[in-house]
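Written out below as structure tokens is the structure these notes cover.
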Amino acid sequence: MTLTMLSRLHDLLSLFTRDGLSKLVEECTYPLTGRRCVGRIYSDYAIFELGAAQVRVRATYGISLDELRIRTGIRFAH
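To convert, note that position 78 of the sequence shown is 641 in our numbering; the numbers rise steadily by one, no gaps.
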């Protein structure tokens, strides 16, 4: 589900698939309809801020930042 707010998109998603794979990836493999239009992702484990070249974690829920890094494979900005 995607929410539109003042020309910025905020996305809501389950962070992991049923198999435990991360839906948050470093590079998109599907054709894109828009680049860099999502600024924030709200998931069941964390809130992510997406920048031009980095991803920041604003908050985590029930998971440590280190475990989040391991399970997603993403290097988050400090």
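Ideal placement from N, C-alpha and C gives every residue a C-beta, glycine not left out.
Asked	Found
Using only CA atoms, which one of Arg619, Ile604, Arg638 lies nearest to Leu578?	Ile604
Restricting to Cα atoms, I'd like to know which of Ala609, Ala615, Leu613, Gln617 is closest to Arg634.	Ala609
My output table needs one value for Arg632: the three-state DSSP class, helix, strand or coil.	helix
Among residues of its own chain, excluding the 5 on either side of Gln617, which ones have a beta-carbon nearer than 7 Å to its beta-carbon?	Ala640
Roughly how many angstroms separate the alpha carbons of Ser606 and Gly597, rounded to a whole number?	21 Å
Considering Ile610, what are the terminal residues of the beta strand (DSSP E) in which it resides?	609 to 613
Find out if the Cβ-Cβ distance for the pair Lys524, Thr580 is shorter than 8 Å.	For residue 524 there is no data in the structure shown, the boundaries of the chain being 564 and 641.
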